[in-house]
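Below is one structure, written out as structure tokens, with a few remarks after it.
There are 2 protein chains.
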Amino acid sequence: MKRITIYDVAKEADVSLATVSRVINDSNVVREDTRNRVQEAIEKLGYKPNAIAQGLALSKTTTISIVMSEKLLSYNAKILNGLMDVAKIYNYNIMFNTTSKGISKMQDVIESIIKSRVDGVILFNDNFTEDEMDVLNEYQIPMVVVGSKFEGKRDENVGNVYVDFEKLVYELVKDAFARGIDDIALMEDKLNISMMKQMKNGIEKAFAEEGKEFKNYLSYDDAYKTSYGYYQDYLKENKPHRLNIAFRDSQAIAMMNAALEAGYKIPEDLEIVSVLDSKYLNMMRPRISAYNIPDYDMGAIAMRLLQKMLISDSDNKERRDMEIRYTPIERDTTESAQ
Amino acid sequence: MKRITIYDVAKEADVSLATVSRVINDSNVVREDTRNRVQEAIEKLGYKPNAIAQGLALSKTTTISIVMSEKLLSYNAKILNGLMDVAKIYNYNIMFNTTSKGISKMQDVIESIIKSRVDGVILFNDNFTEDEMDVLNEYQIPMVVVGSKFEGKRDENVGNVYVDFEKLVYELVKDAFARGIDDIALMEDKLNISMMKQMKNGIEKAFAEEGKEFKNYLSYDDAYKTSYGYYQDYLKENKPHRLNIAFRDSQAIAMMNAALEAGYKIPEDLEIVSVLDSKYLNMMRPRISAYNIPDYDMGAIAMRLLQKMLISDSDNKERRDMEIRYTPIERDTTESAQ
DNA sequence: TTGTAGGCGTTATCAA
DNA sequence: TTGATAACGCCTACAA
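In order, the protein sequences belong to chains G and A.
So the first sequence is numbered by numbering that gives the first Met the number 0: it starts at 0 and just counts up by one.
So the second sequence is numbered by numbering that gives the first Met the number 0: it starts at 0 and just counts up by one.
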């Protein structure tokens, strides 16, 4: 089946290809009747412009690349939804690049991004090092980092849409202090390195302000296949801390199950809060407290920001950093207002 | 910053662009020393071939499109992982197209797929109608439908990698019969229409073989925002059925919570099984039985199949249908061997 | 309002 | 082994 081109349409409508191109691109210098004639030809032949050729001619692909870690896919589904919906509005195509330990390092992803000449990039945090960022920066390709605060160096063509996890945890801990609780633990999450670091900073800052030192970072090695197994063992040798902070739902659930099975009462003996919320936390019994973070919006905002960066001819440097607010969701595993 | 092209490299290395093209494409008719010279020039200038131009010249983009429903994103994460990993191996770029009710109907997605001239398509089932399939077929673009059995008409350039949900449920029900149980209910899932239909068929077939009729399809309207709310209300007027089948984890969990809270015992009063497994089912107490379905493999196999279809010059028609096996996972919500 | 022709960055076919 | 040169399909001055 021969792919039909702009030439075929031109011949069919008995005009030049320039005219066809004009009607495709809504140039309004085309006379009504010839426009109609061309439209008919297009319909009749079922012609669809070749985006590749357009891309070449315009040096502009109208596609943006989204890169994120494979492991985090299911957690970032809502952000992705926000990104995709807005991308749809602006008619962007989406190239999807995942990074995973063995198979595709960030290096390969960058290579592929450059080669495909995407117009912009959405980068999930926790996916790259500063070096890699530098490489991307060299190519002057607009990007926005989404998820958490990006703290590396950056020039003007990188934006950031983020939740301030440091502040979130800082406030949570301060609040606990106010309630007379300072036996606080933070469980490690190996999938979200930079978030983890920020949260740790938040706690440490809160502790430091009280002249105390934060020591209960629950870090475990890979011998433990699950945080459940780890925390089960942990409880054999230790009593649980009063307030336990986890980043993701499954870790919070793991802690809860282990503690419950070890005979502890929640929230009387220990409180648990997951930073990230998920519908499953609400399905647990007791229901696990968390934070409401508008994931979908975060994605939508990120894509919108990128779009602005793409159209603005790099003159007006508006806000390229947008903080997303969070709100506590009190459920059954915490005792009072967070 | 001027994008550097093959011309720049040619000038730098003092050869013609044809030669540069040859070393890029590993054509082995290039003399060793000129090859080196070109390589150096490439390194020095940081040249990266423009995939768009290549695509135009070759009428081949080396990119495949993955289309799936936004809502199902988090559920399909593992399949996606399988797809992406294998795509990485073959150096395919991935265009990601999501469908969602209001914003992007399948129609738009098809439009975009055609325009971007992708080499192939991976289609998640439950995303399209037969008509839409026809449109895609017209363009002769190789695709594989992944997830469940595709039952529409199809020509030779569409493959199918699937789980036979009809058989799965058929066997499950037969097994229940063998255990003397025939009070069986199936809960509707509005996100997975075609899967639902297949499962219903499976049950009905099993019932028919016993000369019975299946009546307990738990279908609820949109007035209920959650299946939990629905089942809570359901239990106010009805006793639970003996064996309850749900498709996804959250529905199974919802049933369990509602039943437990209504004072029923599991699995003594009612059994629950979720067809799709998830880590959360194992975190529930009691742990909910399900089926192990090798999602990652299914994705990997699908992408591999598509790759085969892409390289085979449509002469050797190997197997284009591959059934993925499932295995029951007995946990605490069912009483005996399924 | 329409058509002509050059250019976008590669690959591939011929010659040399 | 290398170099011209014509595609690939479209866009856009510039002319007509």
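Virtual Cβ for every residue (Gly too), placed ideally from N, Cα, C.
CA nearest to the CA of residue i, picked from the options
i	options	result
I88 (chain A)	A:I300, A:E322, A:F95 and A:R319	A:I300
N35 (chain A)	A:E11, A:V144, A:K47 and A:T332	A:E11
D13 (chain A)	A:D32, A:D25, A:S26 and A:N24	A:D32
S95 (chain A)	G:M83, G:M105, G:K100 and G:G101	In the sequence under discussion, the amino acid at residue 95 (chain A) is Phe, which differs from the Ser named in the question. Among G:M83, G:M105, G:K100 and G:G101, the Cα nearest to that of F95 (chain A) belongs to G:M83.
V168 (chain G)	G:D154, G:K70, G:V272 and G:N126	G:V272
E209 (chain A)	A:Y219, A:A175 and A:L217	A:A175
G179 (chain G)	G:N75, G:E260, G:R318 and G:R241	G:R241
E170 (chain G)	G:G146, G:E203, G:N159 and G:I192	G:E203
Y74 (chain G)	G:Q53, G:D331, G:R247 and G:V160	G:R247
N281 (chain A)	G:G201, G:D182 and G:T225	G:T225
R284 (chain G)	A:L259, A:N156 and A:D268	A:L259
M194 (chain G)	G:Y161, G:D182 and G:R2	G:Y161
L57 (chain A)	A:A76, A:S20, A:T98 and A:D181	A:S20
P293 (chain G)	G:L135, G:K47 and G:G146	G:G146
N237 (chain G)	G:M67, G:D133, G:A261 and G:L44	G:A261
N126 (chain A)	A:V143, A:A40, A:V85 and A:I310	A:V143
Under 7 Å by beta carbon: chain A residues contacting residue i
i	result
E338 (chain G)	Absent from the model: residue 338 (chain G). The displayed extent of chain G is 0 to 337, so no value can be given.
G54 (chain G)	I51
I252 (chain G)	M282
Check whether residue i and residue j have beta carbons under 9 Å apart
i	j	result
N92 (chain A)	T128 (chain A)	no
P239 (chain A)	A184 (chain A)	yes
I121 (chain A)	L305 (chain A)	yes
N80 (chain G)	L190 (chain A)	no
Y279 (chain G)	I323 (chain G)	no
K114 (chain G)	N49 (chain A)	yes
S64 (chain A)	G119 (chain A)	yes
I328 (chain A)	Y290 (chain A)	yes
F206 (chain A)	V172 (chain A)	yes
Y233 (chain G)	L217 (chain G)	yes
M321 (chain G)	N159 (chain G)	yes
E270 (chain A)	Y219 (chain A)	no
M308 (chain G)	I78 (chain G)	no
Cβ-based burial, residue i [other Cβ within 10 Å; buried from 16]
i	result
E212 (chain G)	exposed
V412 (chain G)	Since the displayed chain G opens at 0 and closes at 337, residue 412 (chain G) lies outside it and no answer follows.
E150 (chain G)	exposed
T333 (chain G)	buried
K148 (chain A)	buried
V28 (chain G)	exposed
Q337 (chain G)	Reliability fails at Q337 (chain G), whose pLDDT of 42 lies under 50, so the model's placement of it is uncertain and no value is given.
Y6 (chain G)	exposed
Q106 (chain A)	exposed
Q139 (chain A)	exposed
L55 (chain G)	buried
S15 (chain G)	exposed
S26 (chain A)	exposed
A222 (chain G)	exposed
I112 (chain A)	buried
I244 (chain G)	buried
E165 (chain G)	buried
K264 (chain G)	exposed
K152 (chain A)	exposed
Q42 (chain G)	Here residue 42 (chain G) is Glu; the residue named in the question, Gln, does not match the sequence. Exposed, by the Cβ-count rule.
L275 (chain A)	buried
I51 (chain A)	buried
Cross-chain neighbours of residue i in chain A, by beta carbon under 8 Å
i	result
P48 (chain G)	K114
A301 (chain G)	Going along chain A, no residue has its Cβ under 8 Å from A301 (chain G), so there is no contact; the nearest lies around 16 Å.
S288 (chain G)	Result: empty, since nearest Cβ-Cβ is about 17 Å, beyond 8 Å.
Partner residues on chain G for residue i, Cβ-Cβ distance less than 8 Å
i	result
T60 (chain A)	I51
A76 (chain A)	L72, S73 and A76
Chain-ordered chain A contacts of residue i [CB-CB under 9 Å]
i	result
K224 (chain G)	Near K224 (chain G) there are no residues of chain A at all, since even the closest Cβ is about 12 Å away, more than 9 Å.
A258 (chain G)	Going along chain A, no residue has its Cβ under 9 Å from A258 (chain G), so there is no contact; the nearest lies around 12 Å.
S249 (chain G)	K278, Y279 and M282
Residue i: contacting residues in chain G (beta-carbon distance under 7 Å)
i	result
N92 (chain A)	M94, S111 and S115
S273 (chain A)	Under the 7 Å cutoff, chain G gives no residues; its nearest Cβ is about 13 Å from S273 (chain A).
D279 (chain A)	Residue identity differs from the one stated: residue 279 (chain A) is Tyr in this sequence, not Asp. Within 7 Å Cβ-Cβ: Y279.
Contacts of residue i in chain G (Cβ-Cβ under 9 Å)
i	result
S193 (chain A)	Correct list: empty, because the minimum Cβ distance to chain G is about 21 Å.
S379 (chain A)	Summary: the structure shown does not reach residue 379 (chain A), with chain A confined to residues 0 through 337, and so no result is reported for it.
At 4 residues or longer, what runs of the alpha helix (DSSP H) sit wholly inside the region 229 to 282 of chain G? For secondary structure counted as the alpha helix (DSSP H) over 4 or more consecutive residues, the region 229 to 282 of chain G holds these complete runs in sequence order: 248 to 260 and 278 to 282.
For the region 107 to 146 of chain A, which segments carrying the beta strand (DSSP E) assignment without a break, of at least 3 residues, lie completely within its bounds, in sequence order? Those beta strand (DSSP E) runs which fall completely within the region 107 to 146 of chain A and span 3+ residues are 119 to 123.
Threshold first: 3 residues or longer. Then list the beta strand (DSSP E) segments lying entirely within the region 32 to 83 of chain G, N to C. 62 to 68
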